[in-house]
Every structure is written in C-alpha cells, then in structure tokens.
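Trainee: In the working numbering, the protein residues as written are 83 to 495.
Just so you know, even glycine gets a beta-carbon here, dropped at the ideal spot from N, CA and C.
This structure is in structure tokens; I'll ask about it shortly.
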C-alpha cells in the first residue's frame, strides 16, 4: 500500500473514532434542555414580568439576565422594566455534576413608553427641627436622565410642630384629591393638609392619640393612619388602624385591639391595585410608667390586610427595629416588593409582597430612616443623617442628592 493511501486510511479511521466518541459523549453527557416562560410579553412602562424556568431534573442554580442591566439568581423571579424598548433575556442553569445550559430569547420583552404627564410625582420632605415641609417636582430633569441633578426643594409649609411625646414621631403623606395635590401631616393630636398649588392649610381631623403612620390611597380617595396605644390597664386608648375620606369625613376603624406591652402597628403603606394595606409591627410598652420606643431586636414583623375587610396576615417575622417602610405601589399588577430600613444595622432590606425572598438590598448605610418609592422612575429615596439619598430599586447607583437636608419623614405623591 502506498504511503499516501495509508495516511488517508488512518485519517479516516481517526475521524470515524472521533465521530463515534462525539456521539457517545452526546448520548451519555448530553446537556439538559432549558427553556423559560414569561408573562406578559408586552406592555407600558413600568412593566412587571414574571419568569418561570422550564428545566430538567438536577438543576442546582439559576442566573437570569433581563437585558436591561439587571440580574437575578432566583428560580422564579419577577422583574420590573422601567424604560421602553425591546429586551433580550438570558437564562443560565447549572446542574449536578457541573453541567451548564443556556437559553437566550432575543427581544422577547417589548416595553412601550408612557407620556411623562401620566406620572409626574412630587417628593415631600418633613424636617422637624426646622418645622418645615419642602417639596420638589420630580418631573424636572428626571424624564430623560435619571442621573441629572435633582430639582431644588421648595418650601411648602413652615412653623409646624409635628409632635413630641415620650419619643418623637413624624407622619407625612401625599396624594391627590379633587384634582389637586395635597400634603398631609400631623401636629401633636391634629391632622392637617395643604394644597400644593392653591395653598392654605386646613385642619381636617381631631383628636388623634399618638399618630406614627400615615399614607394616602388617591385611587380610592382614602387616608390611612396608625396610632400607638396609650393605656394597658383598662384598654382605653388602644392602638388602632383607621381610615377616612381625604377631607377628614367618614372615619372608619379597621382594627383597634393593641395595648401597651404588645407588638403594635407603626408604619403603613397602601397598594390600591392589589387592595392591600401593609404595616410594620414593633414592640411598644412601659417601664415604670414611662413609655419607651421599640428597642427589642428580632421581635418586629411586617403584616398585610385586605382593604375591604381587616384580616391580618404576618408576612415577615424576627425583624430588628424598623425605621421606615414602603411598597412599590402603582404597578398595574400590584406591588411586587416591600422595602424597609434597619437603622441599627445600617441597611435597607427588601422582600416580595408575599414575604418571600428577604434580601439585604443595601448595606453600610448610616442609620437610614424614612423611605419612599418612585415607581414610575424606578427610584428609591431614603433619609440618613447627612441628607436625602436616592438609588435604583435594585440598590444600584446610590447617591446623596440633598446633602444637609434633615428628613424625619418622606412622601411621594
């Protein structure tokens, strides 16, 4: 046999063995098929999309890339798209034995823009030591470039006295009523509101006991308020959750059963789309007849109840003392996340509205307190000792936007 023919025969044999080996590897070491489902595929910003993986047995880890710079390692994540455009989603799944499979769906999410005038939020800041409520129109400089310099805060109310008790509690809320923007706040045992454009302060409800939580449901024209209990011996002055019309009429008591020494409601936030009210409960009691602040770590909770009938459900337990709470209300499908500050640990935590997926969203902060969410812009605002801060809802791009502004309470409306 000639040398060239022999080489060709040898090469064919090697190729045959390689094909057989490759086939065997494909047969015995085949990569598992991976896919995912998502709903909805299209909609206006901000768009909430739920993702569900379709994978084989033995999956050990998930890595999602939502195409807008955000990622997740949850198995079945929900993601909010805040800008219009088409997004490519990629799912990477790790399996036992080190195998990895990837699926990518180009342009599977299409988000359409909304007019800026459909959502023009105002940020309100209550500074107790100054007795001032300030506000800023977040539409200014925020539509095109979220990193732009924030608008200047303007004075709305001066010479207020938010109230001092055994501790200091400040409530602030904002919303719409009869087509006008209003800021709501408490002074001692009285509740006030002021129109942003027309001006003029009106006392709309009295008396209160010790108000610590306040929020507005502009969709249903309701105001929700939380009061601390004042007596344990005879159950007089119990802690309560109340609501009334935005003009102070038709007061209703949703719940009124908490007394001193119990874990009682504090901060409150409403989600009109889901018809749910969320609130923080913290311990509150007395020591030698002196009312004290919630100091017991690991005993606070986050609860929720339907708006139509009080039926409490505890979502998160064993929390340390909370400094503020907010939900990303305003999404068409209802809120997806609850955010809260942990001043003692310098953190902002987050979980889903069913209480699952508790995550330390931001760490290394300086005693964060009041917190609010701007859903339409996908931004989070919170107060620290050095001023008011802002970040994306996933905790990225954090920055101090109002240095030196002391914010005892924040509101967006």
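With a floor of 3 residues, list each beta strand (DSSP E) that falls wholly inside the region 426 to 476, ordered by position along the chain.
Mentor: Segments of the beta strand (DSSP E) lying fully in the region 426 to 476: 429 to 434, 441 to 444, 453 to 456, 461 to 466, 469 to 474.
Trainee: Pull up the CB-CB distance for residue 130 and residue 119, whole angstroms please, since I reckon it's below 8 Å.
Mentor: No, residue 130 and residue 119 are not in contact; Cβ-Cβ is about 15 Å, not under 8 Å.
Trainee: Using a 10 Å radius around the Cβ and a threshold of 16 neighbouring Cβ atoms, would you call residue 211 buried or exposed?
Mentor: Result: exposed.
Trainee: Going by alpha carbons, who is nearest to residue 209 out of 193, 335, 421, 252?
Mentor: The option with the nearest alpha carbon to residue 209 is 252.
Trainee: Please classify residue 496: does DSSP put it in a helix, a strand, or coil?
Mentor: Past the boundaries of the shown model lies residue 496; the chain is included only from 83 to 495, so the question cannot be answered.
Trainee: According to DSSP, is residue 127 helix, strand or coil?
Mentor: Residue 127 falls in the coil class under three-state DSSP.
Trainee: Out of 490, 125, 393, point me to the one whose CA is closest to residue 195's CA.
Mentor: Comparing Cα positions, the closest option is 125.
Trainee: Please state if the CB of residue 265 and the CB of residue 278 are separated by a distance shorter than 9 Å.
Mentor: Yes. Within cutoff.
Trainee: Are the CB atoms of residue 174 and residue 144 nearer to each other than 9 Å?
Mentor: The answer is yes: Cβ separation under 9 Å.
Trainee: Using the DSSP secondary-structure output, state which residues sit across from residue 411 in a beta bridge.
Mentor: None; residue 411 has no bridge partner.
Trainee: Below 6 Å CB to CB, which residues in the same chain sit around residue 336 once its five sequence neighbours on both sides are set aside?
Mentor: Closer than 6 Å at Cβ, skipping near neighbours: 323, 392.
Trainee: Can you tell me where the beta strand (DSSP E) with residue 287 in it begins and where it stops?
Mentor: Its beta strand (DSSP E) spans residues 283 to 287.
Trainee: Taking the straight line between their C-alpha atoms, what separation do you get for residue 307 and residue 187?
Mentor: Distance between the alpha carbons of residue 307 and residue 187 is about 46 Å.
Trainee: When DSSP labels each residue in this structure, what does residue 189 get in the three-state scheme?
Mentor: Three-state result, residue 189: strand.
Trainee: Please classify residue 285: is it buried, with 16 or more other beta-carbons within 10 angstroms of its beta-carbon, or exposed?
Mentor: By the 10 Å Cβ count, residue 285 comes out exposed.
Trainee: Do residue 464 and residue 446 have their C-beta atoms closer together than 9 Å?
Mentor: No, Cβ-Cβ distance for residue 464 and residue 446 is not below 9 Å.
Trainee: Assuming residue 309 is part of the beta strand (DSSP E), what are its boundary residues?
Mentor: 304 to 309 is the extent of the beta strand (DSSP E) around residue 309.
Trainee: Just how far apart, CA to CA, sit residue 448 and residue 115?
Mentor: C-alpha separation (whole angstroms): 47 Å.
Trainee: Assess contact between the region 403 to 413 and the region 457 to 476, defined as three or more Cβ pairs (one per stretch) separated by less than 8 Å. Is contact present?
Mentor: Yes, the region 403 to 413 is in contact with the region 457 to 476.
Trainee: Distance check for residue 166 and residue 268, CA to CA, integer angstroms please.
Mentor: Using only the alpha carbons, I get a separation of about 39 Å.
Trainee: Tell me the DSSP secondary structure of residue 269 in three-state form.
Mentor: Strand, per DSSP.
Trainee: Exposed or buried, which one is residue 341 when buried takes at least 16 other CB atoms within 10 Å?
Mentor: Looking at its Cβ environment, which holds 16 or more other Cβ atoms inside 10 Å, residue 341 is buried.
Trainee: For residue 142 and residue 176, what's the separation of their Cα atoms in angstroms?
Mentor: About 6 Å.
Trainee: Going by CA-CA distance only, name the one from 328, 152, 399 that's closest to residue 345.
Mentor: When only C-alpha atoms are compared, the closest one is 399.
Trainee: With respect to the beta strand (DSSP E) encompassing residue 322, which residues constitute its N-terminal and C-terminal limits?
Mentor: Unbroken beta strand (DSSP E) run through residue 322: 321 to 327.
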